[in-house]
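Student: Structure in structure tokens, see below.
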Amino acid sequence: MSHNINTTLFKNAEKWLFEKTTDSLTVTDFVLNVTTTDPNRILDFSEGTALIQKTYGIWVKYCVPSSGLPSSVDRAVQILIHGGTLDHTYWDFAPGYSYVDVAARAGMVTLSYDRLGTGLSEHPDPLLEVQTPASVEVLHQLVTMLRSGSFGPQFSKVIGVGHSIGSKATEAVISKYPSDFDAIIHTGYAYENAAGAGSVVATGLGSPKDVDHLKHLPDGYLVPKSAEGIHICFFKYPNFDPQILSQTVRHMQTESMGEMLIPPSSSFWGNLTVTNSYRSPVLVILGEHDYVVCGQSCVTPQNLAAQTLDTAYASADRNLSEAWISPGAGHNCHTHLNAPDVSAKMVNWVKNLGWNT
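The UniProt record's numbering numbers the first residue of the sequence shown as 1 and each following residue consecutively.
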């Protein structure tokens, strides 16, 4: 079942001094400015904050297995949060590349959605409104709705499953709302990002005005336009089907200016004091060759999945928590040839939690 739901946000938004990008020249200049600015000085480009109270349409896909809902005792749901310049289809990309299908066959309920400013969700002002605090509040509201029965049943267990910036959103929710998730799965995320600005530059961000499915969007949205850069950042040759790469390039979604401007105090940077007191189970998955977060390698000189678990989640349940590397995979581990292994790992890990999934 898929439909739009309304989320009402109350948030302080940064009033950035940047002009909205209007074409690929201004996009390139903006990317250069952001990636060469010390993150601790980014507020030099803000004139303060504005209180925003607004309702946004968020597109969601709620999937229940054909076997029906699990029993009400410890009933669990997984909420799937996609990465930047992707949308909900990352979790249900093509036959053989669908975590949603694998989870459903295992009797598990999932809720995937398009983050604000992405895919089929509303695309408001990309500089003032589509900022990281909005991403956190939307996710928190969806968790609250799942627990309260807004989708029908009430779920007592909510598992946050993030990819890339979706994992950062999950971590940010834990930093601000520590009781939201009963377990989390991070994919495409390491606590210390080794590649840094290189991955942002490599994708060749440009204006969406000449992209058919995005040209209606207002100024200030950005989209990857380099097929080679998308290959470098998201895939590792030869462990992928070239047709899946081509489909990914054709289906690229947007990034907003506002989400690229993250104040030092933002929960998107993570609060180690809070995350290291998180005692629930955590699974961290990285592709062996995830350029976006690991740079050269996720396993040498050290396993960055294990390091992330130890550094950011020191108190996580050690009997159930795990770090795992997907051999031969790049950043988008669910669109590689061994995607079924990644999905199987996730499903089996969730089963091991012992809840009614």
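Beta carbons: idealized from backbone N, C-alpha and C, even for Gly.
Which parts of the segment 119-189 are runs of the beta strand (DSSP E), unbroken and 3 residues or longer, counting only runs that do not cross its ends?
Tutor: With a minimum length of 3 residues, the continuous beta strand (DSSP E) runs that stay inside the segment 119-189 are 157-163, 183-187.
Student: Following the continuous alpha helix (DSSP H) through S246, name the residue where it begins and the one where it ends.
Tutor: As a position in the sequence shown, residue 246 is number 246, starting the count at 1. Looking at the DSSP string, the run of the alpha helix (DSSP H) that includes S246 is 242-250.
Student: Taking only runs that begin and end inside the segment 264-338, name each unbroken alpha helix (DSSP H) of 4 or more residues, in chain order.
Tutor: 272-275, 291-294, 304-312, all fully within the segment 264-338.
Student: G162 and T187 - do their beta-carbons sit closer together than 8 Å?
Tutor: Taking the first residue of the sequence shown as 1, we reach residue 187 at position 187. Taking the first residue of the sequence shown as 1, we reach residue 162 at position 162. In contact: T187 and G162 (Cβ atoms closer than 8 Å).
Student: One question on the structure: do residue 404 and H88 come within less than 8 Å of each other, judged by their Cβ atoms?
Tutor: Lying before the first or after the last residue shown, residue 404 is absent from the chain, which here runs from 1 to 357.
Student: Are the CB atoms of P224 and L205 nearer to each other than 8 Å?
Tutor: Along the sequence shown, one-based indexing puts residue 224 at 224. Along the sequence shown, one-based indexing puts residue 205 at 205. It is a contact, given that the beta carbons lie within the stated cut-off.
Student: Which residue's Cα is closest to the Cα of S121: T7, Y177, F151?
Tutor: Along the sequence shown, read from residue 1 onward, the residue named residue 121 stands at position 121. Cα-wise, what sits closest to S121 is T7.
Student: With 16 as the cutoff for other CB atoms within 10 Å, does Q296 come out buried or exposed?
Tutor: The residue you call residue 296 lines up with position 296 of the sequence shown. Flag for Q296 reads exposed.
Student: Sorted by chain position, which residues of the same chain lie with C-beta nearer than 6 Å to P327's C-beta, five sequence neighbours on each side aside?
Tutor: Residue 327 sits at position 327 when you count from the first residue of the sequence shown. These residues qualify, in order along the chain: E288.
Student: What do you reckon, are the CB atoms on L43 and P263 nearer than 8 Å?
Tutor: Here residue 43 corresponds to residue number 43 of the sequence shown, with the count starting at 1. Here residue 263 corresponds to residue number 263 of the sequence shown, with the count starting at 1. Yes, they are a contact pair.
Student: With H, G and I counted as helix, E and B as strand and the rest as coil, what does DSSP make of S66?
Tutor: Looking up residue 66 in the sequence shown gives position 66. If DSSP states are grouped into helix, strand and coil, S66 belongs with coil.
Student: What would DSSP say about G229, mapped onto helix, strand or coil?
Tutor: As a position in the sequence shown, residue 229 is number 229, starting the count at 1. Helix, per DSSP.
Student: Could you check whether the segment 327-339 touches the segment 83-99, counting it as contact only if at least three pairs of C-beta atoms, one from each stretch, sit closer than 8 Å?
Tutor: Short answer: they touch.
Student: K11 and A134 - do their beta-carbons sit closer together than 8 Å?
Tutor: Walking along the sequence shown from the start, residue 134 turns up at place 134. Walking along the sequence shown from the start, residue 11 turns up at place 11. It is a contact, given that the beta carbons lie within the stated cut-off.
Student: Report yes if the C-beta distance between V282 and S321 is below 8 Å; otherwise report no.
Tutor: Indexing the sequence shown from 1 puts residue 282 at position 282. Indexing the sequence shown from 1 puts residue 321 at position 321. Contact: yes.
Student: Just how far apart, CA to CA, sit S256 and A329?
Tutor: Taking the first residue of the sequence shown as 1, we reach residue 256 at position 256. Taking the first residue of the sequence shown as 1, we reach residue 329 at position 329. One C-alpha to the other measures close to 27 Å.
Student: So, for V34: in the same chain, excluding its five sequence neighbours on each side, which residues have a beta-carbon less than 6 Å away from its beta-carbon?
Tutor: Here the question's residue 34 lines up with position 34 in the sequence shown. Cβ neighbours of V34 beyond the five flanking positions: M260.
Student: Since F10 sits in a beta bridge, which residues does DSSP pair it with?
Tutor: Stepping through the sequence shown from its first residue, residue 10 is reached at position 10. Looking at the DSSP assignment, F10 forms a beta bridge with Q53.
Student: Alpha carbons only, please: which of D38, L69, N303 is nearest the one belonging to E192?
Tutor: Locating residue 192 in the sequence shown gives position 192, where the first residue counts as 1. Considering only alpha carbons, the answer is N303.
Student: I'd like to know whether the C-beta atoms of S266 and T132 end up nearer to each other than 8 Å.
Tutor: Translated into positions along the sequence shown, residue 266 becomes position 266. Translated into positions along the sequence shown, residue 132 becomes position 132. Closer than 8 Å, so yes.
Student: State yes or no: is the C-beta of I165 within less than 8 Å of the C-beta of G83?
Tutor: For the purposes of this step, residue 165 is taken as the residue at position 165 of the sequence shown. For the purposes of this step, residue 83 is taken as the residue at position 83 of the sequence shown. Yes, these two residues count as a Cβ contact at 8 Å.
Student: Got a sec? Which residues, its chain only, sit under 6 Å from F235 by beta carbon, not counting five neighbours each side?
Tutor: Taking the first residue of the sequence shown as 1, we reach residue 235 at position 235. If we look at F235 and ignore the five residues flanking it on each side, its Cβ neighbours are L245, G330.
Student: Taking C-beta to C-beta, are V77 and F181 nearer than 8 Å?
Tutor: Counting from 1 along the sequence shown, the entry for residue 77 is found at position 77. Counting from 1 along the sequence shown, the entry for residue 181 is found at position 181. No. Outside cutoff.
Student: Just how far apart, CA to CA, sit F268 and E171?
Tutor: Position 268 of the sequence shown, counting from 1, holds the residue named residue 268. Position 171 of the sequence shown, counting from 1, holds the residue named residue 171. Using only the alpha carbons, I get a separation of about 7 Å.
Student: Using only the alpha-carbon positions, how far apart do V130 and H231 sit?
Tutor: Residue 130 sits at position 130 when you count from the first residue of the sequence shown. Residue 231 sits at position 231 when you count from the first residue of the sequence shown. Computed Cα separation, rounded: 26 Å.
Student: Quick one: is Q243 buried, meaning 16 or more other Cβ sit within 10 Å of its Cβ, or exposed?
Tutor: Taking the sequence shown and counting its residues from 1, one reaches residue 243 at position 243. Result: exposed.
Student: Between which two residues does the alpha helix (DSSP H) harbouring L32 extend?
Tutor: Position 32 of the sequence shown, counted from the first residue, corresponds to residue 32. Residues 24-35.
Student: Kindly indicate which three-state DSSP category R105 falls into: helix, strand or coil?
Tutor: What you label residue 105 is simply residue 105 of the sequence shown in a count that begins at 1. Helix at R105.
Student: Return the Cβ separation of V201 and V60 in integer angstroms, given the expectation that the two are a contact with Cβ distance under 8 Å.
Tutor: The sequence position of residue 201 within the sequence shown is 201, counting from 1. The sequence position of residue 60 within the sequence shown is 60, counting from 1. Not really, about 33 Å apart at Cβ, beyond 8 Å.
Student: Buried or exposed for H123, please, with buried defined as at least 16 other CB atoms from any protein chain shown within 10 angstroms of its CB.
Tutor: Counting from 1 along the sequence shown, the entry for residue 123 is found at position 123. Classification for H123: buried.
Student: Could you check what DSSP says for D44 in three-state terms: helix, strand or coil?
Tutor: One-based indexing of the sequence shown puts residue 44 at position 44. It is helical.
Student: In angstroms with no decimal places, state the Cα-to-Cα distance between T55 and L9.
Tutor: Mapped onto the sequence shown, residue 55 falls at position 55. Mapped onto the sequence shown, residue 9 falls at position 9. Their Cα atoms are separated by approximately 6 Å.
Student: May I ask you to list the residues that DSSP assigns as paired with S256?
Tutor: Within the sequence shown, numbered from 1, the residue matching residue 256 stands at position 256. Partner(s): Y221.
Student: If you draw a straight line from the C-alpha of K168 to the C-alpha of R250, how long is it?
Tutor: Position 168 of the sequence shown holds residue 168. Position 250 of the sequence shown holds residue 250. Approximately 25 Å, taken between the alpha carbons.
Student: Given this structure, state the Cα-to-Cα distance separating P340 from W324, to the nearest angstrom.
Tutor: Within the sequence shown, the letter at position 340 stands for residue 340. Within the sequence shown, the letter at position 324 stands for residue 324. Between P340 and W324, the C-alpha separation is close to 14 Å.
Student: Look up H88 in the DSSP assignment and say whether it is helix, strand or coil.
Tutor: Against the sequence shown, residue 88 aligns to sequence position 88. Note: H88 maps to helix in three-state DSSP.
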